[in-house]
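For reference, the structure is listed below as structure tokens.
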Amino acid sequence: MVDDVVTTTPGRLAPGAGAGRSLVGPTSRLLIRASGPALLTLIWVEVLRVWLPSLVFTVADGRFSATSLFVVGGTMAAVTSAVGLVAVGRTRSRHVLALGAILLAVSRVLLAVGPLGGTRQLLVASIGATGGMLALIGIVADGRVAREDRLSVGAGLLGASLLHAATGTIGLVWPQTTTAMVLGVVLAIAMLAGVVGWMRDRARRIHEDPLPAPSAAWPWWTLLPALLLVLSLSAVPGRVATADGWGTVPVAVAVAAMHVLAGVAVLLPTRWPRLRAVGVVVVALPVGTIAALGTDGVSSVLGQAAIAICVALLLGAPDPRATGAAPRTRAAVAGLAITATVLLGSLTTLATQVALPVDRRVTALTAALVGAALAVRIVREPRVTTAQRTAPLAGVLVALVLGAAMVGAVGARASMLPETPSVARVSDPSEVPTIRVGLYNIRHGFDLHGRFAAPEQAALLRDLDLDVLVLNDVDRGWLSTGGHDALGVIRRELGLSALVFGASTDEVHGNAVLTRLPLIESAADQLPAGADPRPRGLLAAVVEWPNDARLGIVGTHLTEGPDRTGTRIPQARAVAGTVGLLRERQVPTVLLGDLGAGPGTTELSSFETLLEDALPAGIATYPADDPQLHLDHILISPELRRRETTLPATPWSDHLPIVVTLELVESP
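Residue -6 is where the sequence shown starts when you use this note's numbering, and the numbers rise one by one after that.
See below:
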């Protein structure tokens, strides 16, 4: 990039500015400087989707530990912010930006070219998470046009949302393919080039105006509602899928559309009266947050759209009058906003593990109220030129084009999936019909080494050729596990025609039933909570079998832990009650679930008069790498008989999947 010509007198160029020297216009210059923060934010969010589950599944020997997530995640955020503040105070903030950008780029390249999993994944992702935080702090501290930088960060969030939706929530880090590796490296290089362009533009601005009026620090608190609400609510395809039951392509299009609409909305507030813009955010952001946390299809999706638009209005709000804030003050605000985001995000998970007087609704609404309070502080708008209003959105438009292309690619791929016929396993009416049922605790879609393994889990289940599948520990979009829709990935690969998802812990976490057989009816219910702060639930479905027969399916996941027997017993009895209702209707029934206890326990005795054990004695299903416990069970009613049992050895979860081939031996 060539420095701008300095005009010494009207119509004349400064000495040395030859006629052949290329000039960079203001619009092109703004586009170049906007690409740095935008790509940096996009890559940082992508790395966060690896870092957060690495903390969850790698710390404490790979066992889920919300306490570890809270302590390690919160401590790292606090230390990172402190390092940023000290560095900004003792050295030039552009050095902080350069260091952070380099760390983020190195992390992204290592994640692209090296094997994922275990301690290595945690360390590499931690480097990237730290680098991204430092780089953002450096941009905030050193920036001279805060609104343009906030819009660039917003463009990065838009690009990350489109990428997440278009890839079916898998992203570009987890697939260890050549294409994903190349794209990862290219993005890292492009980000570094954009950061260099941002720093050169800053140097040019200092040369033109060495003593600008310092920008205000408080607008950078918008990072808190922007990061927390977008990453946990509006950019979560699993929430749209859960609310409406849509497939991959409609969900991807819906998420892309709401965020593109938010990008377009940034154009509007520059000319809006102050009161109107304030009123929209103050009212719509808390209301939209509450609606997005619900399960009703229309209101939930509209709430997510409201969040995206309100966040865009906050990020695009005109800069207030200069307040004289020092770089250290602006860095402190940005660092504290990022720290608070991580801590509140951690609390949403911690609250489901231990008894805390806070839950995901409280933390999300807190972020929404912060955003509403920030909107109240919007002051008189300065005059904004057309170039300043539109150029920062160039990054949004580029992300839109890339996102649309990826959504199209996902749609084309989905359209090529073979249709799975809804037929039973019987070729001769005189033969005894059989059915293959399977149970798998998918551990949020992650393997023993903390890698997102939903595609591998799907491939394994596809090869098992199941008629009915019950999944436990289904995660459709927790922020702490990367926001991935594991169920969506598995369903897309299996092609099973019917799906029933039953939320238990929250709107996007629970159990699921998938089947190739015609689904007649289904229902979901919550189980007694007892001493478990994490709610549990059950699913019940009735499917059609050959010769006009019907089969009842009950799926559940009871409380875990050897010291939770007192909680599991009433839960098991509640499940037995549902089984009893199906048996009263003379429907042959199969119970599949992680019951948290082994054969011969009081929990299992709840089903003695209703169901029989369909598994051979002596098997173990947990942990997958060295099975010692029999926690996963398949129980059947007397009309059914086990013909075959399969227990595949697999590293894709901490539980082994179980497959049983059943036959109907007598009519009910």
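Note that CB positions come from ideal geometry on N, CA and C, so glycine has one too. In this text, all values refer to a predicted model and were calculated from it rather than measured experimentally.
*By the 10 Å Cβ neighbour count, where 16 or more other Cβ atoms means buried, how is LEU657 classified, buried or exposed?*
On the sequence shown, residue 657 is found 664 positions in, with the first residue counted as 1. Flag for LEU657 reads buried.
*From GLU500 to VAL547, what distance separates their C-alpha atoms?*
Here residue 500 is taken as the residue at index 507 of the sequence shown, counted from 1. Here residue 547 is taken as the residue at index 554 of the sequence shown, counted from 1. Rounded to whole angstroms, GLU500 to VAL547 spans 20 Å at the Cα level.
*Inter-residue Cα distance where the pair is LEU649 and THR614*: By 1-based counting over the sequence shown, the position of residue 649 is 656. By 1-based counting over the sequence shown, the position of residue 614 is 621. C-alpha separation (whole angstroms): 5 Å.
*Endpoints, alpha helix (DSSP H) assigned at LEU129*: As a first step, residue 129 is located in the sequence shown; it is residue number 136 there, counting from the start. LEU129 -> alpha helix (DSSP H) spans 111 to 135.
*Under the rule that 16 or more other beta-carbon atoms within 10 Å means buried, what is LEU459, buried or exposed?*
As a working note, residue 459 is residue 466 in the sequence shown. Buried.
*Where do the ends of the beta strand (DSSP E) carrying VAL229 lie?*
For the purposes of this step, residue 229 is taken as the residue at position 236 of the sequence shown. Note, VAL229: premise wrong, no beta strand (DSSP E); not H, not E.
*Does DSSP put ALA94 in a helix, a strand or coil?*
Locating residue 94 in the sequence shown gives position 101, counting from the first residue. Helix at ALA94.
_Extent of the continuous beta strand (DSSP E) run through ALA505_ = Your numbering for residue 505 matches position 512 in the sequence shown. Per DSSP, ALA505 belongs to the beta strand (DSSP E) from 502 to 508.
_Given this structure, state the Cα-to-Cα distance separating ARG370 from VAL280, to the nearest angstrom._
Residue mapping note: residue 370 aligns to position 377 of the sequence shown, counting from 1. Residue mapping note: residue 280 aligns to position 287 of the sequence shown, counting from 1. Whole-angstrom Cα-Cα distance: 19 Å.
*Is it true that the CB of GLY488 sits closer than 9 Å to the CB of ARG469?*
Against the sequence shown, residue 469 aligns to sequence position 476. Against the sequence shown, residue 488 aligns to sequence position 495. No; because the gap between Cβ atoms is not below 9 Å, this pair is not in contact.
*Pick helix, strand or coil for VAL653, following the three-state DSSP scheme.*
Sequence index remark: in the sequence shown, residue 653 carries index 660 (1-based). Of the three classes helix, strand and coil, the one that applies to VAL653 here is strand, per DSSP.
_Beta-carbon proximity check, LEU217 vs ALA330, cutoff 9 Å_ = Here residue 217 refers to the residue found at position 224 when the sequence shown is read from its first residue. Here residue 330 refers to the residue found at position 337 when the sequence shown is read from its first residue. Yes, the pair counts as a contact, with Cβ atoms nearer than the cut-off.
*Who does HIS550 pair with in a DSSP beta bridge?*
In the sequence shown, residue 550 corresponds to position 557, counting from 1. According to DSSP, HIS550 bridges with ASP587.
*Would you kindly check if the distance between the Cβ of ALA31 and the Cβ of VAL146 is under 9 Å?*
Indexing the sequence shown from 1 puts residue 146 at position 153. Indexing the sequence shown from 1 puts residue 31 at position 38. Yes.
*Note down the Cα distance separating LEU520 from THR288, rounded to an integer number of angstroms.*
As a position in the sequence shown, residue 520 is number 527, starting the count at 1. As a position in the sequence shown, residue 288 is number 295, starting the count at 1. When rounded, the distance between both Cα atoms is 18 Å.
*Please go through the same chain and pick out, in chain order, the residues whose beta-carbon is closer than 7 Å to the beta-carbon of GLY503, but skip the five residues on each side of it.*
Translated into positions along the sequence shown, residue 503 becomes position 510. Closer than 7 Å at the Cβ level, and outside the excluded window around GLY503, lie VAL467, PHE494, GLY495, ALA496, SER497, GLY530.
*By Cβ distance below 6 Å, which residues in the same chain neighbour HIS442 in space, the five residues on each side in sequence not counted?*
On the sequence shown, residue 442 is found 449 positions in, with the first residue counted as 1. For HIS442, where only same-chain residues beyond five positions count, the Cβ hits under 6 Å are GLY110, GLY111.
*Label PRO203 either buried or exposed according to how many other C-beta atoms from any shown protein chain fall within 10 Å of its C-beta, with 16 as the threshold for buried.*
The residue labelled residue 203 in the question sits at position 210 within the sequence shown. Classification for PRO203: exposed.
*What's the C-alpha gap between LEU604 and GLY573?*
Indexing the sequence shown from 1 puts residue 604 at position 611. Indexing the sequence shown from 1 puts residue 573 at position 580. Taking the straight line from one Cα to the other gives about 10 Å.
_Where the beta strand (DSSP E) through VAL461 begins and ends_ = In the sequence shown, the residue the question calls residue 461 occupies position 468. Taken as a continuous stretch (DSSP letters only), the beta strand (DSSP E) holding VAL461 covers 461 to 468.
*C-beta contact flag for ALA249 and ALA186 at 9 Å*: Along the sequence shown, one-based indexing puts residue 249 at 256. Along the sequence shown, one-based indexing puts residue 186 at 193. No; because the gap between Cβ atoms is not below 9 Å, this pair is not in contact.
_Suppose you measure from the CA of ALA405 to the CA of TYR433; what does that come to, to the nearest Å?_
Position 412 of the sequence shown, counted from the start, is the residue given in the question as residue 405. Position 440 of the sequence shown, counted from the start, is the residue given in the question as residue 433. Note that ALA405 scores a pLDDT of 43, beneath 50, so its modelled location is shaky; the value from the coordinates is reported in the next line. Distance between the alpha carbons of ALA405 and TYR433: 29 Å.
*Would you mind giving the Cβ-Cβ distance between PRO448 and ILE120, rounded to the nearest angstrom? I have them listed as a contact below 8 Å.*
Here residue 448 is taken as the residue at index 455 of the sequence shown, counted from 1. Here residue 120 is taken as the residue at index 127 of the sequence shown, counted from 1. Contact flag wrong, Cβ pair sits at about 26 Å.
*asked:* Output needed for ARG674: all residues of its chain with C-beta closer than 6 Å, excluding positions within five of it in sequence on either side, in chain order.
replied: Only positions -6 to 661 of the chain appear in the structure, and residue 674 is not among them; the question remains open.
*If we ignore side chains and look at the alpha-carbon of each, how far apart do ALA446 and THR170 end up?*
Counted from its first residue, the sequence shown places residue 446 at position 453. Counted from its first residue, the sequence shown places residue 170 at position 177. Computed Cα separation, rounded: 14 Å.
*Same chain, Cβ closer than 8 Å to PRO641, neighbours up to 5 away in sequence not counted*: Reading the sequence shown from its first residue, position 648 is the one you call residue 641. The residues are LEU453, LEU457, LEU649, PRO650, VAL652.
*Which of the three DSSP states, helix, strand or coil, is assigned to GLY495?*
Taking the first residue of the sequence shown as 1, we reach residue 495 at position 502. Three-state result, GLY495: strand.
*With C-beta atoms as the reference, is ALA327 less than 9 Å away from ALA209?*
Working through the sequence shown from its first residue, we reach residue 327 at position 334. Working through the sequence shown from its first residue, we reach residue 209 at position 216. The answer is no: Cβ separation not under 9 Å.
*asked:* If I measure Cβ to Cβ from LEU410 and keep anything under 6 Å in the same chain, skipping five residues before and after, which residues do I get?
replied: Position 417 of the sequence shown, counting from 1, holds the residue named residue 410. Annotation note: pLDDT 34 at LEU410 (below 50); position unreliable, coordinate value reported separately. Closer than 6 Å at Cβ, skipping near neighbours: GLY488.
*How far does the alpha helix (DSSP H) with ALA255 in it reach, from first residue to last?*
For the purposes of this step, residue 255 is taken as residue 262 along the sequence shown, with counting starting at 1. Looking at the DSSP string, the run of the alpha helix (DSSP H) that includes ALA255 is 241 to 258.
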